[in-house]
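Q: Numbering-wise, the working numbering puts 695 at position 693 of the sequence shown, and it's gapless, one number per residue. Every residue gets a Cβ at the ideal spot worked out from N, C-alpha and C, and that includes glycine.
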Amino acid sequence: MSISERRREAVRRETPAARHIPYQGHLTRNIIDTITGECLCVLRLAGAAFECADDDVINNRHDRLNRVMMGLADPRIAVWQHIVRRQENQYPEGEFAPGFARELNDRFRTKVSAERLMANELYLTIVLRPHGSRTESVLAALFSARSAEEIRRARTRQVAELERIVTDLVAALAYYEAECLELYERNGVLFSEPAELFNFLMTGKWERVPYAPVPLNRLIGGMRPVFGDESVKVLNPDSTHFGAMLGIEAYPSETNPMFLDDLLTLPFELVVTQSFEFHAKDAALLKMQMRGRRMENVGDAAQSQIDEIPELADDLVSRRTVLGAHHYNVLVKAESLEQLQQNVADARSVLIDAGIKPAREDLVVEAAYWAQLPGNFAMRPRLSPINSRNMCGFVPLHNFPTGRRSGNHWGPAITMLVTAAGTPHYFNLHASDPKAKNGGNKKDVANTLVMGPTGSGKTATVTFTLTMMQKFGMTSVLFSTDRDTEIAVRRLHGKVYRLRLDEPTGLAPFALDPDEAETRRHLQILVRKLVSRPVVSEAGVEVDSKPLTVQEGKDVDKAIDAVLHMQPREVRQLGRVLDFLPKGEVYDRLARWCHAREKGREDGPLAWVFDNPVPRIASELGTAPITAFDTTAYLDDPELRTPINMHLLHLASRLVDGRRFGLFVAEFWKPLGDSHYAAYFKKALKTVRKLNGFVVLDTQSPSDALRLEISRTLVEQCPTLILFPNPQADRKEYREYLGLSEREFKLIKTDLPEGCGMFLLKQGRHSTVVRLPLDGMDDDMAVLSARTTNLALMDRLIAQYGEDPDAWVPRFNEERKSS
Numbered sequence: 003m004s005i006s007e008r009r010r011e012a013v014r015r016e017t018p019a020a021r022h023i024p025y026q027g028h029l030t031r032n033i034i035d036t037i038t039g040e041c042l043c044v045l046r047l048a049g050a051a052f053e054c055a056d057d058d059v060i061n062n063r064h065d066r067l068n069r070v071m072m073g074l075a076d077p078r079i080a081v082w083q084h085i086v087r088r089q090e091n092q093y094p095e096g097e098f099a100p101g102f103a104r105e106l107n108d109r110f111r112t113k114v115s116a117e118r119l120m121a122n123e124l125y126l127t128i129v130l131r132p133h134g135s136r137t138e139s140v141l142a143a144l145f146s147a148r149s150a151e152e153i154r155r156a157r158t159r160q161v162a163e164l165e166r167i168v169t170d171l172v173a174a175l176a177y178y179e180a181e182c183l184e185l186y187e188r189n190g191v192l193f194s195e196p197a198e199l200f201n202f203l204m205t206g207k208w209e210r211v212p213y214a215p216v217p218l219n220r221l222i223g224g225m226r227p228v229f230g231d232e233s234v235k236v237l238n239p240d241s242t243h244f245g246a247m248l249g250i251e252a253y254p255s256e257t258n259p260m261f262l263d264d265l266l267t268l269p270f271e272l273v274v275t276q277s278f279e280f281h282a283k284d285a286a287l288l289k290m291q292m293r294g295r296r297m298e299n300v301g302d303a304a305q306s307q308i309d310e311i312p313e314l315a316d317d318l319v320s321r322r323t324v325l326g327a328h329h330y331n332v333l334v335k336a337e338s339l340e341q342l343q344q345n346v347a348d349a350r351s352v353l354i355d356a357g358i359k360p361a362r363e364d365l366v367v368e369a370a371y372w373a374q375l376p377g378n379f380a381m382r383p384r385l386s387p388i389n390s391r392n393m394c395g396f397v398p399l400h401n402f403p404t405g406r407r408s409g410n411h412w413g414p415a416i417t418m419l420v421t422a423a424g425t426p427h428y429f430n431l432h433a434s435d436p437k438a439k440n441g442g443n444k445k446d447v448a449n450t451l452v453m454g455p456t457g458s459g460k461t462a463t464v465t466f467t468l469t470m471m472q473k474f475g476m477t478s479v480l481f482s483t484d485r486d487t488e489i490a491v492r493r494l495h496g497k498v499y500r501l502r503l504d505e506p507t508g509l510a511p512f513a514l515d516p517d518e519a520e521t522r523r524h525l526q527i528l529v530r531k532l533v534s535r536p537v538v539s540e541a542g543v544e545v546d547s548k549p550l551t552v553q554e555g556k557d558v559d560k561a562i563d564a565v566l567h568m569q570p571r572e573v574r575q576l577g578r579v580l581d582f583l584p585k586g587e588v589y590d591r592l593a594r595w596c597h598a599r600e601k602g603r604e605d606g607p608l609a610w611v612f613d614n615p616v617p618r619i620a621s622e623l624g625t626a627p628i629t630a631f632d633t634t635a636y637l638d639d640p641e642l643r644t645p646i647n648m649h650l651l652h653l654a655s656r657l658v659d660g661r662r663f664g665l666f667v668a669e670f671w672k673p674l675g676d677s678h679y680a681a682y683f684k685k686a687l688k689t690v691r692k693l694n695g696f697v698v699l700d701t702q703s704p705s706d707a708l709r710l711e712i713s714r715t716l717v718e719q720c721p722t723l724i725l726f727p728n729p730q731a732d733r734k735e736y737r738e739y740l741g742l743s744e745r746e747f748k749l750i751k752t753d754l755p756e757g758c759g760m761f762l763l764k765q766g767r768h769s770t771v772v773r774l775p776l777d778g779m780d781d782d783m784a785v786l787s788a789r790t791t792n793l794a795l796m797d798r799l800i801a802q803y804g805e806d807p808d809a810w811v812p813r814f815n816e817e818r819k820s821s
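1. Less than 8 Å between the CB atoms is what I'm expecting for Gly-496 and Ile-628, so what's the real figure, rounded?
2. Between Pro-259 and Asn-449, how many whole angstroms is the CB-CB distance? I'm expecting something under 8 Å.
3. Do Cys-180 and Leu-42 have their C-beta atoms within less than 8 Å of each other?
4. In angstroms with no decimal places, state the Cα-to-Cα distance between Asp-517 and Gly-577.
5. Terminal residues of the continuous beta strand (DSSP E) containing Tyr-125?
6. Quick check: the Cα distance between Asp-557 and Leu-566, rounded to an integer number of angstroms?
7. List, from N- to C-terminal side, the alpha helix (DSSP H) runs of 4 residues or more that fit wholly inside the stretch 6-92.
8. In chain order, what residues of the same chain lie with their CB nearer than 6 Å to the CB of Asp-706, ignoring the 5 residues before and after it?
9. Do Met-760 and Ala-2 count as a contact pair if the criterion is CB distance below 8 Å?
10. Pair every Cβ in the stretch 587-601 with every Cβ in the stretch 477-488, then say whether three or more of these pairs are closer than 8 Å.
11. With respect to the alpha helix (DSSP H) encompassing Leu-740, which residues constitute its N-terminal and C-terminal limits?
12. Mind reading off the beta-carbon distance from Ala-336 to Leu-248? Whole number of angstroms is fine, and I expect it under 8 Å.
13. Quick one: any contact between the stretch 70-81 and the stretch 763-776, if contact means 3 or more CB pairs under 8 Å?
14. Pick helix, strand or coil for Met-381, following the three-state DSSP scheme.
15. Identify the continuous beta strand (DSSP E) that holds Ala-668 and give its terminal residues.
16. Once DSSP output is grouped into helix, strand and coil, what is the label at Lys-207?
17. Let me confirm a value: Pro-570 is counted as buried when at least 16 other C-beta atoms fall within 10 Å, else exposed. Which label applies?
18. If Ile-167 and Ile-128 are in contact, beta carbons under 8 Å, what's the gap, nearest whole angstrom?
19. Any heavy atom of the ligand ZN closer than 7 Å to the Cβ of Phe-202?
20. What does DSSP give as the partner residues of Phe-429 in its beta bridges?
21. Using only the alpha-carbon positions, how far apart do Met-204 and Gly-223 sit?
22. So, at 6 Å on beta carbons, what are the nonlocal neighbours of Thr-469 in its own chain, with the 5 sequence-adjacent residues on each side left out?
23. Pick from Leu-339, Ala-415, Phe-402, Leu-265: whose alpha carbon is nearest that of Ser-351?
24. By how many angstroms is the C-alpha of Glu-184 removed from the C-alpha of Phe-200?
25. Would you grab the beta carbon distance between Gly-424 and Leu-119 for me? Rounded to a whole angstrom, and I think it's under 8 Å.
26. What is the C-beta distance between Ile-489 and Asn-792, in whole angstroms, given that I count them as a contact (C-beta under 8 Å)?
27. Does the distance from the CB of Pro-383 to the CB of Val-366 come in under 8 Å?
28. May I have the straight-line CA-CA distance separating Asn-815 from Asp-781, to the nearest angstrom?
29. Among Ser-390, Phe-663, Ala-564, Asn-614, which one has its Cα closest to the Cα of Gly-73?
30. Which residue wins for smallest C-alpha separation from Pro-775, given the options Thr-477, Ala-788, Leu-419?
31. Identify the continuous alpha helix (DSSP H) that holds Thr-461 and give its terminal residues.
32. Between His-432 and Val-579, what straight-line distance do the alpha-carbon atoms span, to the nearest angstrom?
33. Expressed to the nearest angstrom, what Euclidean distance is found between the alpha-carbon atoms of Leu-272 and Ala-370?
34. Looking at Trp-832: is its Cβ nearer than 8 Å to the Cβ of Thr-507?
35. Enumerate in chain order the residues of its own chain whose CB-to-CB distance from Leu-342 is below 8 Å, with the five nearest sequence positions on each side excluded.
36. Counting beta carbon pairs with one atom in the stretch 686-704 and one in the stretch 548-564, are three or more of them shorter than 8 Å?
Structure below.
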């Protein structure tokens, strides 16, 4: 063959895109008409999380989806569905001040952006014909002479009918977060979302499609498809890729809603397309009867399949299902023909494992390619009659939750996690309302519960989250243990207070401003706690206390008021309350917390806690973005733990004034075991939530935490759960108290290996398995999760070079690596 002949052959094999793109233009913001008279509307769906759902839940969703499809049953209606699996690695935006948070974000962005992550996108298109079949359309065109006005009125009725259908369908698919693709404006230019989807199906590239006063098929498909025997080469102006179409040569004997979910995890780009054209009931019954007779005559099926025909016919008559013409293709993509062969083999393997006999399209590869476009009825290859229930099994609207990359309560996502399927998950603490299209609903709640045993990665995850949230300019207070977050807090230029036994704490409750609304009430509660007679259980938890008498209460309140009126502020100390109390039991109990009021008397053994002249902590709190209180020294002592935590919580609550605020509480179950503190904490929690704040509660002892009644109440107020693998997980605690499904519980207890870096993220009704890929980031891990050796090194360097992290951090990394 000569060069000119080869060129002519190549030109012949190239297909002008517009010839097979059936769209004319927008009739409304979301309805498009076709050249042959159909109207269509495209829905985008987030999908339903499935990997952590129980089988009965998945089957129930499948039944409901079948009923939704049955509700569409009309010979004038056809449905196209698409699963678009494409590379997606857009990192969340956000501005960080110079320092560790920015540096960590940059390093993490570089690391996670190097991974080949894929996103799954789901689309459903409703196509409404003016007539029930192509034959009816042809006959109507031949024998009806309608005026332009009659045609216009008919089209208006058709559009109105489709709008009603779409409105009902969006409501029926609310669980899947369905929304219409439509025209939108950007910088004064009008663009078409449906056209952008159709353009992607043809070109493999997502780009904006401006809407112009020309036929839509001239705006779509700016590429040259070259079809070979078994593949297509798509030539875009700036890129080239290859594709192969897989179809169904033989259907499985039955489907289920999970039999093709492995397609959602393949490590390459693909597009699944299925269409379903509803049959009229009489026509469907006739097709089933003819199919049964044909199978009997030819003997091409097992007896069990022949026996199923009457049952299927009965399902049609009883409206348990409907019948339609079905076509299904998988477009497998690759950057080279060699890689395409491997990708096709992997996709074929998934189909075969699902009981499907796949066929790599050759003679009809071009038709299969164009049949991806909704409304291209004549192009659909290998049409087969199946029922709506089986159709729903091929595309059950399953997906991995992705979160919101932008438009959240505080703007962009905190960071990007990676799901078990290699898809990005945009992580937010605020659980957004799925019905709020743009997110950021004022009702969003960010309260979070984190549970994981020692070594699970819990501390690193919480500290990393705190660090990434610095881009929001929020103020944070931490109640930590064992100094586990201290290195990170210092690196972030935060303040750390290690409250040691028998050393002045810097807490001076009576130095607070007496004119502040809550000061007097707080001091009344605090002093009553100090003078109460606690009843402590064998487990060391305060379960009750002897209340003050009415007169004792009046004496305490009177003494508090007297001290609050004293000037200057420096003379207002806890010990001065004794000056206004009558001698007696209450006086003696309070004296334990005060310095001696008389010469020659010994100070109370706990005077170092609150009887301090200078309110160092109160005056400094809020001057740094992060303040951490290490509570290790007194965490196991209920006499100290409750009043200290009550006062620290009161100080923290003063920062809740509408600014962005986060309260992080480690081993929360220990202080919440005290009834006084539990009631105090519940009140503070409401205040935090109302005024733009949130609480993160974490523990490495889920059993201890979940046995507390107050903990169960707090769990209900935490829509976000972060749960690490735990072989000791108790079924009752995780299933009943945390509300996990059986599948979610199994993941926590047995399926997720310890130390694998993965955890269950459950937020609202969605749950998924994700990982925070910090492997290889050793310098950062040394900061995020402090070890004893690293803490000792930091202490030595701070003693030598001062507390400014810019002075000791470079030496910290050097010495840590050399040791």
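A: So, from the data block:
1. On the sequence shown, residue 496 is found 494 positions in, with the first residue counted as 1. On the sequence shown, residue 628 is found 626 positions in, with the first residue counted as 1. Between Gly-496 and Ile-628, the beta carbon gap of about 3 Å places them in contact (Cβ cut-off 8 Å).
2. Residue mapping note: residue 259 aligns to position 257 of the sequence shown, counting from 1. Residue mapping note: residue 449 aligns to position 447 of the sequence shown, counting from 1. 33 Å between Cβ atoms; not a contact.
3. The count along the sequence shown starts at 1 and reaches residue 180 at position 178. The count along the sequence shown starts at 1 and reaches residue 42 at position 40. The sequence given here places Ala at residue 180; Cys does not occur at that position. Their beta carbons are not under 8 Å apart, which means Ala-180 does not touch Leu-42 by this criterion.
4. For the purposes of this step, residue 517 is identified with residue 515 of the sequence shown, where counting begins at 1. For the purposes of this step, residue 577 is identified with residue 575 of the sequence shown, where counting begins at 1. Just so you know, the alpha carbons of Asp-517 and Gly-577 end up roughly 21 Å apart.
5. Against the sequence shown, residue 125 aligns to sequence position 123. From DSSP, the beta strand (DSSP E) with Tyr-125 extends over 120-130.
6. Sequence index remark: in the sequence shown, residue 557 carries index 555 (1-based). Sequence index remark: in the sequence shown, residue 566 carries index 564 (1-based). Cα atoms of Asp-557 and Leu-566: separation of roughly 14 Å, rounded to the nearest angstrom.
7. Counting whole runs of 4 or more residues, the stretch 6-92 contains the alpha helix (DSSP H) stretches 57-72.
8. Mapped onto the sequence shown, residue 706 falls at position 704. The answer, listed in chain order, is Trp-671.
9. Residue 2 cannot be examined here, being either before or after the span of the chain that is shown, 3 to 821.
10. No, the stretch 587-601 does not touch the stretch 477-488.
11. As a position in the sequence shown, residue 740 is number 738, starting the count at 1. Segment: none, Leu-740 is in no alpha helix (DSSP H) and carries neither H nor E.
12. Here residue 336 refers to the residue found at position 334 of the sequence shown. Here residue 248 refers to the residue found at position 246 of the sequence shown. Not quite, the Cβ-Cβ distance comes to about 13 Å (not below 8 Å), so this is no contact.
13. Verdict: no, contact absent.
14. In the sequence shown, counting from the first residue as 1, residue 381 sits at position 379. It is helical.
15. By 1-based counting over the sequence shown, the position of residue 668 is 666. For Ala-668, the enclosing beta strand (DSSP E) stretches over residues 663-668.
16. As a working mapping, residue 207 is identified with position 205 in the sequence shown. Coil, per DSSP.
17. Within the sequence shown, the letter at position 568 stands for residue 570. Pro-570 is exposed by the Cβ-count criterion.
18. Along the sequence shown, read from residue 1 onward, the residue named residue 167 stands at position 165. Along the sequence shown, read from residue 1 onward, the residue named residue 128 stands at position 126. Your pair Ile-167 and Ile-128 checks out as a contact, with CB atoms roughly 6 Å apart and the cut at 8 Å.
19. The ligand ZN is not part of the structure shown, which contains no ligands of any sort.
20. As a working note, residue 429 is residue 427 in the sequence shown. According to DSSP, Phe-429 bridges with Thr-417.
21. The residue given as residue 204 occupies position 202 in the sequence shown. The residue given as residue 223 occupies position 221 in the sequence shown. Between Met-204 and Gly-223, the alpha-carbon positions lie close to 6 Å from each other.
22. Within the sequence shown, numbered from 1, the residue matching residue 469 stands at position 467. Excluding its 5 nearest sequence neighbours in each direction, Thr-469 has C-beta neighbours in its own chain below 6 Å: Ala-103, Leu-106, listed in chain order.
23. Here residue 351 is taken as the residue at index 349 of the sequence shown, counted from 1. Comparing Cα-Cα distances from Ser-351 to each of Leu-339, Ala-415, Phe-402, Leu-265, the minimum goes to Leu-265.
24. Walking along the sequence shown from the start, residue 200 turns up at place 198. Walking along the sequence shown from the start, residue 184 turns up at place 182. Here the alpha carbon of Phe-200 sits roughly 13 Å from the alpha carbon of Glu-184.
25. Your numbering for residue 424 matches position 422 in the sequence shown. Your numbering for residue 119 matches position 117 in the sequence shown. The C-beta distance from Gly-424 to Leu-119 rounds to 6 Å, short enough to meet the 8 Å contact threshold.
26. Looking up residue 489 in the sequence shown gives position 487. Looking up residue 792 in the sequence shown gives position 790. With 8 Å as the limit, Ile-489 and Asn-792 qualify as a contact, their Cβ atoms being about 6 Å apart.
27. Here residue 383 is taken as the residue at index 381 of the sequence shown, counted from 1. Here residue 366 is taken as the residue at index 364 of the sequence shown, counted from 1. Cβ atoms of Pro-383 and Val-366: closer than 8 Å.
28. Walking along the sequence shown from the start, residue 815 turns up at place 813. Walking along the sequence shown from the start, residue 781 turns up at place 779. CA-CA distance, Asn-815 to Asp-781, rounds to 7 Å.
29. Numbered from 1 along the sequence shown, position 71 holds the residue referred to as residue 73. Checked all of Ser-390, Phe-663, Ala-564, Asn-614; the closest Cα to Gly-73 is Ser-390.
30. The sequence position of residue 775 within the sequence shown is 773, counting from 1. With distances taken between Cα atoms, Pro-775 lies closest to Leu-419.
31. As a first step, residue 461 must be located in the sequence shown, where it is residue number 459. For Thr-461, the enclosing alpha helix (DSSP H) begins and ends at 460-470.
32. Your numbering for residue 432 matches position 430 in the sequence shown. Your numbering for residue 579 matches position 577 in the sequence shown. Answer to the nearest angstrom: the Cα atoms are 44 Å apart.
33. Working through the sequence shown from its first residue, we reach residue 272 at position 270. Working through the sequence shown from its first residue, we reach residue 370 at position 368. So the two alpha carbons sit approximately 14 Å from each other.
34. In the structure as shown, the chain begins at 3 and stops at 821. Residue 832 is therefore absent and cannot be evaluated.
35. The sequence position of residue 342 within the sequence shown is 340, counting from 1. Only Ser-233, Phe-244, Gly-245, Ala-246, Val-334, Lys-335, Ala-336 meet the Cβ criterion.
36. Fewer than three beta-carbon pairs drawn from the stretch 548-564 and the stretch 686-704 are found closer than 8 Å, and the two stretches are therefore not classed as touching.
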